[in-house]
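Worksheet: the structure to be examined is printed underneath.
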Amino acid sequence: MNNDDLNHINEREKISSDTRKGIVIGIMIAIMVLLVFNTVSLSYKIFIKKDYNYEAKAKAIYNLMNDQYVGNLENEKIFDGLYTGMVALATDKYSRYISKDDFESYKISTSGNYVGIGCKTSINVDDYSIYIVSLYEDSPASEAGLEPNDKILKVNNMAVNYDNYDQAISNIRGEEGSKVTLTIKRGEKIFDVDVTRKDVDVPTVGGTIIDNSIGYIKIEGFESVTYDQYKAVYDNLRKQNIKSLIIDLRNNPGGLLDIVTKIADDIVPEGVITYTEDKNGKKEYINSTKGEIDIPLVVLVNENSASASELLTAAIKDTQKGTVVGKNTYGKGVVQTTFPFKDGSAVKLTTAKYYTPKGVCIDGVGVAPDIVVDNTNDFVLESLNSDKASCDTLKDAQLKKAVELLSK
Numbered sequence: 148m149n150n151d152d153l154n155h156i157n158e159r160e161k162i163s164s165d166t167r168k169g170i171v172i173g174i175m176i177a178i179m180v181l182l183v184f185n186t187v188s189l190s191y192k193i194f195i196k197k198d199y200n201y202e203a204k205a206k207a208i209y210n211l212m213n214d215q216y217v218g219n220l221e222n223e224k225i226f227d228g229l230y231t232g233m234v235a236l237a238t239d240k241y242s243r244y245i246s247k248d249d250f251e252s253y254k255i256s257t258s259g260n261y262v263g264i265g266c267k268t269s270i271n272v273d274d275y276s277i278y279i280v281s282l283y284e285d286s287p288a289s290e291a292g293l294e295p296n297d298k299i300l301k302v303n304n305m306a307v308n309y310d311n312y313d314q315a316i317s318n319i320r321g322e323e324g325s326k327v328t329l330t331i332k333r334g335e336k337i338f339d340v341d342v343t344r345k346d347v348d349v350p351t352v353g354g355t356i357i358d359n360s361i362g363y364i365k366i367e368g369f370e371s372v373t374y375d376q377y378k379a380v381y382d383n384l385r386k387q388n389i390k391s392l393i394i395d396l397r398n399n400p401g402g403l404l405d406i407v408t409k410i411a412d413d414i415v416p417e418g419v420i421t422y423t424e425d426k427n428g429k430k431e432y433i434n435s436t437k438g439e440i441d442i443p444l445v446v447l448v449n450e451n452s453a454s455a456s457e458l459l460t461a462a463i464k465d466t467q468k469g470t471v472v473g474k475n476t477y478g479k480g481v482v483q484t485t486f487p488f489k490d491g492s493a494v495k496l497t498t499a500k501y502y503t504p505k506g507v508c509i510d511g512v513g514v515a516p517d518i519v520v521d522n523t524n525d526f527v528l529e530s531l532n533s534d535k536a537s538c539d540t541l542k543d544a545q546l547k548k549a550v551e552l553l554s555k
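Under our numbering, the first residue of the sequence shown is numbered 148, with each subsequent residue one higher.
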């Protein structure tokens, strides 16, 4: 059981197309079952008495489907659809059933480590093609000559599209040292590239120095590798004698509770970082015990800063360890617990709310910045040609405001 999960629902945790089809099939069959009950199959009433229970009814419907439905039934899809609907319809938007295949992908996404080619991919909403967003440094993908904006047409000769995106990503991963063949479209050219898979650590933290004295750290998410990456970047910046620090949590969807609280422990003074409260009113406190940061700090947030990133922002704001700049955050103040099953599937349920050091639950509300600044251009670390940047070259209004505050 994993109760350290604060991931935002916008993650790449999505119900697979097969599961969606299972839900649709399940609904269609449910309608057919109702028609049968109301018109012809009176004999099945012996299975459902007046004071029946839900389990008996589900069994009766399943038996009826097997005996009477004219088409072919695919049990795995039917039951995945049943489980998905049961959790989705009875709970909040963050709770869900996770099929075996999706759970494997989910575990990889939160581990921060996998065997693959080392690149970020996404779906082009205009033509539903799959393309490369960015390449990890020294990754197999970069060594093979792949580039951002390359379209992936095929994986091992399997055509790639929106509906089989999860399967395509799964096929790109594999055993360390094995090869995967990608059919790439770059401009008007189409060609094949063989890439050798290897163990990849997903970079979730990056850093640089602005105007020679202001440290800048961008945290993409809070995965299992994030704390070590944060410490490495932070320690490197301190060795370069930075006088102040900006932590950028914009578009950070959240992550693991134990990781974000470890980072908070390095920043805020001794005391409460956050506490959670379950349905029975049981509270669990997470406290800071280490030394706090000793230089001026600004935190950047926007409407896509969610969950764990909001927890860190609220802890810094409530303890007055830094100034929050940007826009109101998303407003996800609940904790999910993941319950795995022996068959490899899992159920992820909202099991508690979390509160800021001042006792505020930000669920549905978010964290308000100390200084509101709209933005049109985000600062992108990958666009830098060196380890240092100048405020004069930045078009990022929120980052410029942070630099102004720290330059006074």
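Here a beta-carbon is modelled for each residue, glycine too, at the ideal position from N, C-alpha and C.
Values in this document were obtained by computation on a predicted structure and should not be read as measured data.
- Under the DSSP definition of a beta bridge, PHE250 lacks any partner.
- Distance between PHE369 and SER456, taken at the CA atoms: about 8 Å.
- Each residue's CA atom was taken as its position, placing VAL415 and GLY469 some 9 Å apart.
- Scanning its chain for C-beta atoms nearer than 7 Å, with the 5 sequence neighbours on each side dropped, one finds around TYR381 the residues ILE364, in chain order.
- The region 438 to 445 makes no contact with the region 420 to 428; the number of CB pairs closer than 8 Å stays below 3.
- In its chain, beyond the 5 residues on either side, VAL302 and VAL307 have a beta carbon closer than 6 Å to the beta carbon of ALA315.
- When DSSP states are grouped into helix, strand and coil, LYS409 belongs to the helix group.
- Proximity to ASP313 across TYR253, SER371, ASP358 and PRO400 peaks at TYR253, based on C-alpha coordinates.
- Contact annotation, VAL352 with SER286: C-beta distance approximately 16 Å; criterion of less than 8 Å not satisfied.
- With respect to ARG333, LYS390 sits apart: the two C-beta atoms are not nearer than 9 Å.
- The beta carbon of GLU431 sits closer than 7 Å to those of TYR422 and THR423, all from its chain and outside the five residues before and after it, given in chain order.
- The straight-line gap separating the alpha-carbon atoms of VAL342 and TYR283 is approximately 14 Å.
- Segment contact: the region 321 to 330 against the region 240 to 248, fewer than three CB-CB distances shorter than 8 Å; contact not assigned.
- Taking C-beta atoms as the reference points, PRO400 and ALA461 fail to come closer than 9 Å.
- As DSSP reads the structure, ASN260 sits in a beta bridge with ASP348.
- Unbroken beta strand (DSSP E) runs of no fewer than 3 residues, entirely contained in the region 382 to 470, are found at 391 to 395, 418 to 425, 430 to 435 and 444 to 448, following chain order.
- Pairing GLY418 with ALA205, the inter-Cα distance amounts to about 50 Å.
- Cβ-Cβ separation between VAL471 and ASP521: approximately 15 Å, too far for a contact (criterion under 8 Å).
- Scanning its chain for C-beta atoms nearer than 6 Å, with the 5 sequence neighbours on each side dropped, one finds around ILE440 the residues ILE414, in chain order.
- The three-state secondary structure of ALA315, taken from DSSP, is helix.
- Going by C-alpha positions, ILE270 is about 11 Å away from ASN296.
- In the structure shown, ILE509 falls within a coil segment according to DSSP collapsed to helix, strand and coil.
- With a contact defined as Cβ atoms closer than 8 Å, VAL512 and LYS464 miss out at about 13 Å.
- Looking at the DSSP output, GLY473 shares a beta bridge with VAL448 and VAL519.
- ASN398 sits close to ASN449, with the two beta carbons spaced by under 9 Å.
- Assignment of LYS489 by DSSP, reduced to helix, strand and coil, places it in the coil class.
- In the displayed model, ASP375 falls within a helix according to three-state DSSP.
- Around the beta-carbon of ILE337, fewer than 16 other beta-carbon atoms lie within 10 Å, marking it exposed.
- Straight-line spacing of the CA atoms in ALA379 and ASP405 works out to 18 Å.
- Beta-bridge annotation (DSSP): VAL481 is paired with LYS500.
- Burial state of GLU223 is exposed, judged by a 10 Å Cβ sphere holding fewer than 16 other Cβ atoms.
- With fewer than 16 neighbouring CB atoms inside 10 Å of its own CB, GLN467 falls in the exposed class.
- Taking 9 Å as the cut-off, the beta carbon of LEU384 is found closer than this to the beta carbon of LEU392.
- The straight-line gap separating the alpha-carbon atoms of GLY292 and THR497 is approximately 43 Å.
- When DSSP states are grouped into helix, strand and coil, SER281 belongs to the strand group.
- Excluding its 5 nearest sequence neighbours in each direction, THR436 has C-beta neighbours in its own chain below 7 Å: ASP412 and GLU417, listed in chain order.
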